[in-house]
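Enquirer:
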Amino acid sequence: MMALAVCACFHSTQGIAKERATAQARAEAIVVAPLSFFKVDDLDFARFIAGTTSGTIVMSPSGARAATGGVRLAGSAGTPARFAGFGRYNQVVSIAISNTSVRLTRVGGTETMRLDTFVIGSTPEAQLTTSPLAFRIASQSGMFNFPVGATLRVSARQAPGAYRGSFSVTLQYQ
44 MMALAVCACF
54 HSTQGIAKER
64 ATAQARAEAI
74 VVAPLSFFKV
84 DDLDFARFIA
94 GTTSGTIVMS
104 PSGARAATGG
114 VRLAGSAGTP
124 ARFAGFGRYN
134 QVVSIAISNT
144 SVRLTRVGGT
154 ETMRLDTFVI
164 GSTPEAQLTT
174 SPLAFRIASQ
184 SGMFNFPVGA
194 TLRVSARQAP
204 GAYRGSFSVT
214 LQYQ
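In short: position in the sequence shown from 1, add 43, done, that's this note's numbering.
Here is the structure:
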């Protein structure tokens with residue numbers, strides 16, 4: 044009786060078709076030169092609804108997103124900008140944002156929003172000081188990262204669509 048059960052089990056698996064699927068993925072690598080840095084993430088305020096009154100969206104360096112006035116948050120939480128780089132342990136790095144105000148323009152249109160009040164965040168690897176605006180690289184490896192938040196000014200009845208603009212961050216390794 045036991046042999047019959049094994050035979051029946053073997054017989055039932057022969058009818059199952061074997062399927063094979065293949066997928067591809069890209070591989071990338073970035074070699075970071077000493078005393079350099081690069082953008083990891085863009086500043087993303089995510090989706091929101093513009094109301095009948097103006098308002099703001101504040102993206103903090105920690106990633107907290109808050110709205111004021113007629114603005115209502117929708118969808119994902121968005122992200123602060125994030126930069127990373129390489130220096131030396133205990134090295135002081137001065138940091139500056141070149142623009143105090145940036146204009147974001149609607150893709151395919153002329154409508155704009157203003158981005159201002161940039162805030163640079165401190166991390167365990169990049170311990171921020173405010174006067175002068177600088178950080179000390181606290182990582183033994185010399186690798187560091189830091190976030191940047193800002194405030195987006197939204198007009199009443201802001202035209203729907205994607206808005207884009209850019210800002211520059213400059214580091215001066217001491």
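Even glycine gets a Cβ: it sits at the ideal position worked out from N, Cα and C.
I need the straight-line Cα distance from Gly-106 to Thr-166, nearest angstrom please.
Expert: 13 Å
Enquirer: Over what stretch of residues does the beta strand (DSSP E) that includes Ile-140 continue unbroken?
Expert: 135 to 140
Enquirer: Would you say Ser-198 reaches chain B, if we count a Cβ-Cβ gap shorter than 8 Å as a contact?
Expert: Judged by its chain identifiers, the structure shown contains no chain B, having just a single protein chain.
Enquirer: Within the chosen definition, does the region 127 to 141 reach the region 58 to 74 through at least 3 CB pairs nearer than 8 Å?
Expert: no
Enquirer: If I measure Cβ to Cβ from Ser-137 and keep anything under 6 Å in the same chain, skipping five residues before and after, which residues do I get?
Expert: Cβ within range, chain order: Ala-177, Gln-215.
Enquirer: Between the C-alpha atoms of Gly-113 and Phe-88, what's the straight-line distance to the nearest angstrom?
Expert: Rounded to the nearest angstrom, the two C-alpha atoms are 16 Å apart.
Enquirer: Hey, Gly-98 and Thr-148: beta-carbon distance below 8 Å or not?
Expert: Note that the C-beta distance between Gly-98 and Thr-148 is not below 8 Å.
Enquirer: When we look at the beta-carbon of Thr-132 and count the other beta-carbons within 10 Å, is it buried (16 or more) or exposed?
Expert: Checking the sequence, you will find Tyr at residue 132 rather than Thr. Tyr-132 is exposed by the Cβ-count criterion.
Enquirer: Between Val-191, Pro-175, Thr-173, Gly-94, which lies nearest to Ile-163 when the distance is taken from Cα to Cα?
Expert: Comparing Cα positions, the closest option is Val-191.
Enquirer: Are the beta-carbon atoms belonging to Ala-199 and Thr-111 less than 8 Å from one another?
Expert: no
Enquirer: Just to confirm my understanding: we take Glu-154, look at its own chain, exclude 5 residues before and 5 after, and list those with CB closer than 6 Å. What are they?
Expert: Ala-202
Enquirer: Span of the beta strand (DSSP E) holding Gly-164?
Expert: Per DSSP, Gly-164 lies in no beta strand (DSSP E) and is assigned neither H nor E.
Enquirer: Here's a check: name, in chain order, each residue in its chain whose Cβ is nearer than 6 Å to the Cβ of Ala-117, leaving out the five neighbours to either side.
Expert: Excluding positions up to five away in sequence, the list reads Arg-90, Phe-91, Ile-92.
Enquirer: Buried or exposed, going by whether 16 or more other CB atoms sit within 10 Å of the CB of Gly-152?
Expert: exposed
Enquirer: Using DSSP with H/G/I as helix, E/B as strand and the rest coil, what is Pro-190?
Expert: strand
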